[in-house]
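Here is the structure we will look at.
Residue numbers (our numbering): 994 to 1226.
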């Protein structure tokens, strides 16, 4: 029995990861309807692993499932966005404080932070030479992953990772206006510098300032920009 279940479960995991990534990155947009027959073509999987993946995504709050209706990517509510950022303001300043302390005695961690700092500076130097949105989102995701990987408190780490797909969706909204990107790059540079300086107060303060500015950009875009149509009615 176990041998026959393994391929099915493996395929369900593959579909789950594919759809979750596409929702996080905005390939599948909030409110987008996902008929099952379209998902068969989209993922190359059969209906059974697709249904299992959809159930998991619904549990994550990323898919809406309702009787006699096709699955749809969940829309974003102002209340949930506000609650998410209130929670992030509790978690992430604490996490970056811990990582700052850890980095004082870890050459490998400091090297990783320095690599990110150099990449952020390189991206800033590119300026408006092209559409740097994809590179920026990849780099900020790497920064977030570094904080999660090196946060010594397992409960804090798990909470940050659980929020990641929702944070990523809101990050896409915050930076749908590309004029926000250079400012966010500078904010990440300040956080990297504080981490390397071993200054936990500066690192925490830079994180709080960053979250406040991202929060404002998200709500500005949700209420008045092109992203307004992804809100829950």
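Glycine residues also receive a C-beta, built at the ideal position from the N, C-alpha and C atoms.
- Non-local beta-carbon contacts of residue 1063 in its own chain, meaning distances under 8 Å to residues more than five positions away in sequence, involve 1026, 1027, 1028, 1029 in chain order.
- The way I'd put it, the segment 1007-1017 does touch the segment 1155-1168; three or more beta-carbon pairs between them come closer than 8 Å.
- Counting only runs of 4+ residues, the alpha helix (DSSP H) found wholly inside the segment 1120-1178 occupies 1126-1143, 1147-1167, in chain order.
- Per DSSP, the continuous alpha helix (DSSP H) segment holding residue 1073 begins and ends at 1071-1096.
- When DSSP states are grouped into helix, strand and coil, residue 1192 belongs to the coil group.
- Under DSSP, residue 1065 forms a beta bridge with 1026, 1057.
- In this structure the segment 1095-1113 does not touch the segment 1048-1063; the number of beta carbon pairs closer than 8 Å is below three.
- One alpha carbon belongs to residue 1150, the other to residue 1081, and they sit about 12 Å apart.
- The Cβ atoms of residue 1144 and residue 1091 sit closer than 9 Å to each other.
- For residue 1021, there is no enclosing alpha helix (DSSP H), as DSSP marks it with neither H nor E.
- Secondary structure at residue 1099: coil, using DSSP grouped into helix, strand and coil.
- The C-beta of residue 1118 has fewer than 16 other C-beta atoms within 10 Å across all chains shown, which makes the residue exposed.
- Contact annotation: residue 1152 and residue 1050 have beta-carbon atoms that are not nearer than 9 Å.
- If you draw a straight line from the Cα of residue 1204 to the Cα of residue 1033, it comes to about 38 Å.
- Judged by beta-carbon spacing, residue 1180 lies within the 9 Å limit of residue 1206, meaning their Cβ atoms are closer than that value.
- Taking the CA atoms as reference points, residue 1214 sits about 8 Å from residue 1170.
- When DSSP states are grouped into helix, strand and coil, residue 1039 belongs to the coil group.
- Its chain contains 1167, 1173 as the residues whose beta carbon lies nearer than 6 Å to that of residue 1210, once the 5 sequence neighbours on both sides are disregarded; these appear in chain order.
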